[in-house]
Structures are given as C-alpha cells and as structure tokens.
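See below for the structure under consideration.
Protein chains: 2
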Amino acid sequence: MKRATAQHVAIEAGVSKWTVIRAFTPGSSITEVSKAKVLAAAEKLNYRPNLLARSLATNLTHQVAVLVDDFGNPHKLPFLETLTAALQAKGLVAILVNINDHYNHIHAILNAEQRQVDAIILLGTAFRDETLNDRKLGGGSAPMFVLARDSQIEGVPAVSCDTDVAIAEIGKHLLERGYHRPGFMCGPRTLSTALGRRRNFKEFWRRERDTDLLEIAADRYSVDAGAEAARRYLEKTPATDRVDVLMCENDALAFGALDVIRSEFKLRVPEDIAVVGFDNAAFAASPSYGLTTYEQPVSEMVDAVIAMLLGQREKITVNIRGRLVVRAST
Amino acid sequence: MKRATAQHVAIEAGVSKWTVIRAFTPGSSITEVSKAKVLAAAEKLNYRPNLLARSLATNLTHQVAVLVDDFGNPHKLPFLETLTAALQAKGLVAILVNINDHYNHIHAILNAEQRQVDAIILLGTAFRDETLNDRKLGGGSAPMFVLARDSQIEGVPAVSCDTDVAIAEIGKHLLERGYHRPGFMCGPRTLSTALGRRRNFKEFWRRERDTDLLEIAADRYSVDAGAEAARRYLEKTPATDRVDVLMCENDALAFGALDVIRSEFKLRVPEDIAVVGFDNAAFAASPSYGLTTYEQPVSEMVDAVIAMLLGQREKITVNIRGRLVVRAST
DNA sequence: ATCTCGTTTGCTACCGGTAGCAAAAACTAT
DNA sequence: ATAGTTTTTGCTACCGGTAGCAAACGAGAT
Chain H
2 MKRATAQHVA IEAGVSKWTV IRAFTPGSSI TEVSKAKVLA AAEKLNYRPN
52 LLARSLATNL THQVAVLVDD FGNPHKLPFL ETLTAALQAK GLVAILVNIN
102 DHYNHIHAIL NAEQRQVDAI ILLGTAFRDE TLNDRKLGGG SAPMFVLARD
152 SQIEGVPAVS CDTDVAIAEI GKHLLERGYH RPGFMCGPRT LSTALGRRRN
202 FKEFWRRERD TDLLEIAADR YSVDAGAEAA RRYLEKTPAT DRVDVLMCEN
252 DALAFGALDV IRSEFKLRVP EDIAVVGFDN AAFAASPSYG LTTYEQPVSE
302 MVDAVIAMLL GQREKITVNI RGRLVVRAST
Chain X
2 MKRATAQHVA IEAGVSKWTV IRAFTPGSSI TEVSKAKVLA AAEKLNYRPN
52 LLARSLATNL THQVAVLVDD FGNPHKLPFL ETLTAALQAK GLVAILVNIN
102 DHYNHIHAIL NAEQRQVDAI ILLGTAFRDE TLNDRKLGGG SAPMFVLARD
152 SQIEGVPAVS CDTDVAIAEI GKHLLERGYH RPGFMCGPRT LSTALGRRRN
202 FKEFWRRERD TDLLEIAADR YSVDAGAEAA RRYLEKTPAT DRVDVLMCEN
252 DALAFGALDV IRSEFKLRVP EDIAVVGFDN AAFAASPSYG LTTYEQPVSE
302 MVDAVIAMLL GQREKITVNI RGRLVVRAST
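If you're matching them up, the sequences are chains H and X in order. Using my numbering, you'd call the opening residue of the first sequence number 2 and step up by one each time. Using my numbering, you'd call the opening residue of the second sequence number 2 and step up by one each time.
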C-alpha cells in the first residue's frame with residue numbers, strides 16, 4: 002500500500018492540500034473545524050508528513066552527522082548515548098558515521114554534506130587538523146564541531162574538557178601521593194590530539210619538580226594498544242628504572258596498561274606503578290580496575306555543542322571543567 | 002555562499018541541467034566531451050548532487066534507522082562498529098536512534114518512517130513484541146529487522162546467534178567441569194528476549210541432570226544491574242546453598258556479577274562460583290575478568306541482515322552459530 | 001544528397017512538501 | 001444593510017533532483 006500524501010488526505014477531508022499541511026504546522030492559521038476534519042482524514046489514511054520533502058523545501062534536515070573513528074574506546078558508548086539523547090530531545094537525529102580505513106574523514110564529510118545534514122560533529126576522532134583544510138572541502142556548507150578533543154582548525158569550534166585544570170588537579174594529586182618518576186602514555190604521536198594533555202603534563206613536572214617526563218606512544222586509542230605499549234615498555238625497562246606513576250591519555254589505554262602491569266608482570270598497583278586514566282569510563286569504577294581518572298563532563302559538553310549548532314550559543318571553542326576521581330590505582 | 006545545483010553547473014558548462022545530471026549518473030547516455038565539460042564546471046563550482054532531492058524522487062534514502070535501547074551494554078559498541086562499517090560499504094548510512102524513557106519504540110519507528118528510511122534495524126532492543134503490533138504502526142512502510150535478539154513478530158525477521166547450539170555447547174562444557182548447581186541471571190522478566198537462552202538452559206539441566214535452575218532477574222541488561230542482582234542473591238543466600246555456576250544472559254550482567262562475587266564477597270571464581278557470560282564482549286578477554294562466554298558471530302549476523310534488507314537474501318529469521326570461548330571463570 | 005538508425009540532448013511532468021500572495025469568508029462596527 | 005477589518009483558504013512558484021518521451025544530431029548506407 003502506497004503511503005498517503007497531503008493530497009490524498011485533502012481529497013478525503015474535502016479541503017485543499019494546503020489546509021492539510023496547515024493542520025500539521027503548529028501555529029498556522031486554520032479553524033478548529035477544518036483541523037479536526039483533516040486530522041480525522043489523516044488518521045484514517047495513516048498520513049504523516051514526509052520529512053524528506055519538507056527538508057528539501059526548508060533546507061533543514063534535522064540530521065546531524067556524528068563521525069567516530071575510535072570504536073576501540075569503550076567510553077565512546079556513553080558519549081553516543083548522551084549525544085543521541087540530547088539531539089533527539091531537540092528534534093534532531095544522529096547519523097552515525099564510522100571512519101575507518103575504507104571510509105576516511107573527507108569521504109564522510111562530503112557524503113554528509115550531500116545528505117544536507119544540519120551539522121557535523123567530530124566525536125573525538127583522531128584526524129590530523131590538516132585533513133580538514135583539504136581543498137575538496139572548500140565551501141563546505143554544514144557547520145562542523147569537534148567534541149571531546151582539541152581543535153586548532155580555523156572556524157571549527159571545539160568543546161572539550163578543560164585540560165589545563167584537569168592536568169593541574171591530577172598533578173597535584175600525584176605530588177601529594179609522593180610520586181616522582183612520571184610517565185605518560187599517549188596515542189599516535191603524529192596527532193595533535195595528544196598535544197594538550199601530554200604537553201600540560203610534561204610542563205607540570207618540569208615546573209613543579211624539574212623532572213623529565215617519560216613518554217610512551219601507543220598505536221591507537223584502544224585497550225589493546227595500551228596493553229601493547231605497556232608491554233613493550235616494561236619488557237625493555239629494568240624494574241629499577243621504571244616510572245612510579247603512569248598517566249594514560251585516556252581510560253582505554255589505562256585499562257590495557259593495567260591488565261599488563263598486573264597480570265603479565267605481576268606488579269602491584271599502585272605500590273609498584275600507579276596508573277591514572279582520563280574519561281572516567283564505566284569500567285574505571287569496577288573493582289577489577291579501580292582506576293583513578295578524570296571525569297569528562299559529558300552532559301555539559303554535549304549540551305554545549307548542541308546549543309552551538311542550534312545557534313543558541315556563540316560558536317567558539319570552550320573548555321569545560323571536569324572532576325578528578327581518585328580510586329585505588331594511585 | 003549558496004550551494005551549487007545542477008542548474009548552475011549547466012549554465013557554467015553551456016548545457017542543459019539534464020546533461021549535468023547524466024554526467025553524475027553512472028551508465029547514462031552522454032558523450033565523453035559533454036561529460037568532461039560538465040565535470041570541469043562541477044569541479045569549479047564545487048557541485049555535488051543533492052541526495053535529499055534524489056531521495057525524494059527515487060523514494061530511496063539509503064538510510065537505515067538503527068534502534069538501540071541498551072547503551073549500558075558495552076558490547077553494543079563493537080556491534081555498532083561492525084554494522085555501520087558494513088552499511089557504509091553498501092552505500093547506506095545508519096541513523097542511530099536512542100530508545101529511552103523519553104523516546105520509545107513507537108516514537109522512533111514513526112519518526113524513522115517519516116524520514117523515509119529504507120529499513121529499520123532493532124539492535125538487540127528490549128521491547129515487548131506486542132509493542133510492534135501497535136495500531137499506530139499500521140501500514141508501516143519501512144521493512145524491519147531484529148538483530149541480535151529473538152523475535153516472534155509476524156513479518157519481522159530476526160538474525161541472531163543460534164541459542165540451541167550455544168546453550169548445548171555451554172552446558173556440555175559445564176557438565177565436563179563438574180558443575181551441578183546451576184543458576185541463571187536474566188534481564189527483566191517481563192521481556193520475551195530472555196526466553197530463548199533461559200528456557201534452553203533450564204531444559205538442558207532438567208534433561209541432563211534432572212536439576213532445577215535457580216533464576217535471578219536483573220532490572221536491565223547492564224553491568225550495574227548485574228552487580229545489583231548478584232549482590233541481592235549472595236546476601237540472602239548462605240554459602241552452602243549457593244549455585245556453583247552462574248550463567249548470565251549476557252556479558253554485561255556477568256561483569257557486574259563477577260565484580261560483586263570477587264570484590265564484595267571475596268569469593269573465588271571459579272572455585273566458589275563459576276561464571277559464564279554471553280557475547281564475548283571485549284573486556285571478557287581481559288585478565289581482570291577472564292570470562293568464559295559465547296561469542297556471537299557479529300560480522301556474519303550483520304552481513305545477514307544487510308543482505309536481507311538489500312533484498313539479496315530471503316527475509317526470514319536465521320540463527321547463526323557462534324563459538325564457545327573458555328576462560329578462567331569456569 | 002538523401003534516408004536510416006542509433007545516440008545524445010532537451011523537455012515536460014513529477015516526487016511531497018514550503019513560502020507567501022491573493023481571493024474568499026467570517027466577523028465587527030456603523 | 002454596508003463598509004471595513006481580520007481570519008481562513010486556495011493558489012502559484014519553488015526546493016533539486018528523476019523518469020521517460022520527443023526532438024535533434026551524427027554516422028553509415030544508398
């Protein structure tokens with residue numbers, strides 16, 4: 002059975018199709034009588050306005066593309082949950098785009114724009130800033146936002162956790178606990194993502210203790226990559242030379258590191274090596290991990306991007322303060 | 002700068018807009034010369050066809066709504082990853098819909114249909130079958146599919162892991178290990194979702210050992226709910242009366258149960274209580290959990306739904322065989 | 001040079017809505 | 001009852017493509 006259109010309902014109700022449309026357009030001028038007639042006819046024919054046609058005419062799809070390249074990070078799931086819920090509350094809907102080897106950022110952005118999305122959100126994706134300056138993207142029409150990651154890109158505001166404050170809090174906590182040989186596990190070195198947290202942490206130790214920061218790079222931002230990097234480090238470094246606290250750029254890396262430290266090398270956490278993460282992913286609270294970490298203010302961050310893309314807030318980069326969560330790993 | 006349309010390119014290239022369209026329609030009749038002219042003009046104006054307009058005319062959006070109500074289950078993430086990647090490989094895109102207290106299935110389905118999606122996939126959502134028989138959904142136009150869950154719904158094929166085989170394999174393994182006081186932790190009792198695995202497991206013990214199955218119901222399918230349910234059970238049951246193996250309907254529940262069993266009640270796994278999950282979520286492999294579980298054939302399942310929705314495969318319920326993964330928890 | 005035949009191009013009508021103007025209807029005031 | 005005002009309804013044009021027919025074109029045969 003073919004779907005009913007406004008025209009069909011119009012005939013059924015004995016009015017013009019524009020009157021039908023008005024019955025479905027809040028705040029438009031229509032008598033109660035006509036509206037009731039139309040609604041009855043619509044109900045009977047199971048009519049619902051075609052949002053595609055509406056979008057074509059209004060130039061608004063109420064669709065937002067959400068680009069994710071980092072499904073290995075379990076914290077993406079609560080982020081997606083919060084984001085989709087908040088979008089839906091505003092009548093928007095998320096197109097989830099998986100950035101991977103077969104489908105890169107350029108591809109994704111161009112396709113999203115062809116679909117006329119109202120905005121594009123880069124959800125913590127590990128692209129290089131240069132990527133977005135690609136000529137092919139010239140005249141891109143959909144406003145872009147970077148969520149949960151820094152961005153130096155001209156005209157692309159970022160909403161993320163305030164790294165300065167976060168690192169200061171974490172550092173203070175670690176000093177109080179008496180750690181003095183710090184290490185930092187970051188993601189792929191080539192990415193500017195890493196910069197903020199790593200640079201801050203490095204400067205913190207230089208300033209406070211005139212200490213150098215040992216840096217360990219993981220291949221990706223995932224549990225496996227974190228395990229792999231930790232393994233490489235522990236294998237090649239004799240016990241006496243090791244760091245006494247390892248800060249990981251995110252919880253995913255920290256989980257992997259913890260697994261290897263405890264299970265493969267039989268080291269005690271935090272006595273032999275303390276570990277700190279970043280995100281406060283669900284499993285960080287599990288007694289199996291008990292990870293000290295820094296909670297990203299997910300809801301506030303999501304609300305901020307959405308306010309921006311709705312034009313209810315100035316489109317500029319903001320950093321929102323998170324919260325240190327101390328657990329057994331330090 | 003307003004986005005260029007076929008008309009603009011036509012003027013630039015000195016042809017009609019239909020010739021422009023043909024240059025972008027593979028297999029249509031156009032000379033190399035015209036095509037080159039059009040492509041050059043298009044390049045210059047940064048033209049890309051408007052997929053919205055195309056969808057309106059062709060009645061195909063290449064969009065699939067994916068409904069998820071279960072973000073508390075970490076295994077949803079790899080599922081989403083696989084699903085989005087597979088859809089994108091076929092030129093489709095996923096609209097991720099978050100089903101929650103403010104946005105129920107009916108809502109989601111109606112909205113998806115208004116957006117003219119090509120299909121709706123219910124990704125392991127815990128709806129009641131009756132929901133989908135709601136009159137409001139009468140004449141629904143988008144084909145629906147249930148993924149990673151059973152479905153008894155008329156006309157809605159399900160693609161899931163073969164429960165019969167899975168439970169038989171798990172049961173056999175548990176018998177070999179000598180367990181004889183089985184328990185089963187399921188999700189909300191009111192949902193038929195639970196039925197398959199629970200019923201099978203129950204029948205298995207009845208048949209093989211003439212043993213009754215102890216059943217524990219969790220409120221939701223999440224780590225927290227699993228922890229909560231395990232806590233309630235262990236608190237009220239003296240050590241001597243407890244089950245010696247607890248099968249959980251999915252890994253999320255099992256993680257919660259493991260945390261409580263080990264950390265709160267200081268019991269040994271598997272010596273005091275063995276635990277089995279279902280899904281083979283990423284953390285099941287972590288040495289912190291070491292969970293024996295049953296791996297769902299995610300890729301095969303995803304491929305099967307996609308083949309169905311593309312019409313390349315008969316639209317009937319299929320069960321695909323998974324794989325038992327034995328780890329330290331049994 | 002003329003006639004085919006097949007290819008290429010342009011055209012009308014349409015997908016299902018929206019915007020905003022103009023005509024019609026209903027209401028108010030005199 | 002009539003004129004003036006406001007509300008409601010219908011209309012044309014349009015959003016940017018697609019479908020499929022008809023005209024124009026070009027090459028080969030006569």
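Ideal Cβ positions, reconstructed from N, Cα and C, are used throughout, including at glycine. Since we're looking at a predicted model, the values are computed, not measured.
Proximity of chain H to A90 (chain X) at the Cβ level (cut-off 9 angstroms) is accounted for by H103 and Y104, in chain order. DSSP places F185 (chain H) inside the beta strand (DSSP E), whose first and last residues are P183 to C187. At the C-beta level, L148 (chain X) and V160 (chain X) come within 8 angstroms of one another. Using a 10 angstroms sphere on the CB of V303 (chain H), the tally of other CB atoms reaches 16 or more, which defines it as buried. A258 (chain X) has its alpha-carbon roughly 14 angstroms from the corresponding atom of A286 (chain H). In this structure, H76 (chain X) lies near N251 (chain X), with their beta-carbon atoms less than 8 angstroms apart.
Against chain X, the CB of V299 (chain H) has no partner CB under 8 angstroms away; the residue lies outside that interface.
The DSSP-derived three-state label of S56 (chain H) is helix. Under the 8 angstroms criterion on CB atoms, V98 (chain H) is classed as interfacial with respect to chain X. Taking 8 angstroms as the cut-off, the Cβ atoms of I96 (chain H) and V69 (chain H) do not count as close.
The beta carbon of V244 (chain X) sits closer than 8 angstroms to the beta carbons of R182, P183, G184, L215 and I274 from its chain, once the five residues preceding and following it are set aside; these are given in chain order. The three-state secondary structure of A127 (chain X), taken from DSSP, is coil. Rounded to the nearest angstrom, the gap between the Cα atoms of A230 (chain X) and A169 (chain X) is 25 angstroms. Going by beta carbons, A127 (chain H) and V98 (chain H) fall outside the 8 angstroms limit. In the three-state DSSP reduction, S142 (chain H) falls in the coil class, being neither helix nor strand. Here R190 (chain X) is actually not in contact with F279 (chain X); their C-beta atoms are around 17 angstroms apart, not less than 8 angstroms. Of all residues in the segment 26-54 of chain H, the ones placed with a Cβ closer than 8 angstroms to any Cβ belonging to chain X are N47, R49, P50, N51, L52, L53 and A54, in chain order. Here Q64 (chain H) is buried. Its C-beta has 16 or more other C-beta atoms within 10 Å.
Assignment of I31 (chain H) by DSSP, reduced to helix, strand and coil, places it in the coil class. Contact between Q115 (chain H) and N51 (chain X) is confirmed by a C-beta separation of about 7 angstroms, below the 8 angstroms threshold. Excluding five sequence positions before and after E296 (chain X), the CB atoms of its chain that fall closer than 8 angstroms to its own CB belong to D280, N281, G323, R324, L325 and V326, given in chain order. Between the segment 219-235 of chain X and the segment 254-272 of chain X, the count of C-beta pairs closer than 8 angstroms reaches three or more; the two stretches touch. Contact between G92 (chain X) and Y222 (chain X) is ruled out by a C-beta separation of about 32 angstroms, above the 8 angstroms threshold. Neighbours of E296 (chain X) in chain H, taken as residues at a C-beta separation under 7 angstroms, are lacking, since the least C-beta distance is about 17 angstroms. In this structure V16 (chain H) touches V39 (chain H) by the C-beta definition: roughly 6 angstroms separates them, less than 8 angstroms.
Residues are counted here when their Cβ sits less than 8 angstroms from a Cβ of chain H; for the segment 256-285 of chain X these are F256, L259, D260, R263, S264, E265, A283 and F284, given in chain order.
Assignment of beta-bridge partners to E216 (chain X) by DSSP yields X:F185. One thing to note: V224 (chain X) has its Cβ no nearer than 8 angstroms to the Cβ of C249 (chain X). When 7 angstroms is used as the limit between beta carbons, V224 (chain H) is near these residues of chain X: A283, in chain order.
Following the DSSP letters along the chain, one finds S161 (chain X) in no alpha helix (DSSP H) but inside the beta strand (DSSP E) bounded by residues A159 to C162. S330 (chain H) is positioned such that its CB atom lies no closer than 8 angstroms to that of P288 (chain H).
Restricted to the segment 256-309 of chain X, the beta strand (DSSP E) segments that are unbroken, complete and at least 3 residues in length are 275-277 and 294-296, listed in chain order. 8 angstroms or more divides the Cβ of E209 (chain X) from the Cβ of L235 (chain X). With fewer than 16 other Cβ atoms inside 10 Å of its own Cβ, P27 (chain H) counts as exposed. Close to chain X, meaning a Cβ-Cβ distance shorter than 9 angstroms, are the following residues of the segment 113-127 of chain H: A113, E114, Q115, R116 and Q117. When C-alpha distances from L123 (chain H) are compared across H:S142, H:F146, H:Y104 and H:N101, the shortest belongs to H:F146.
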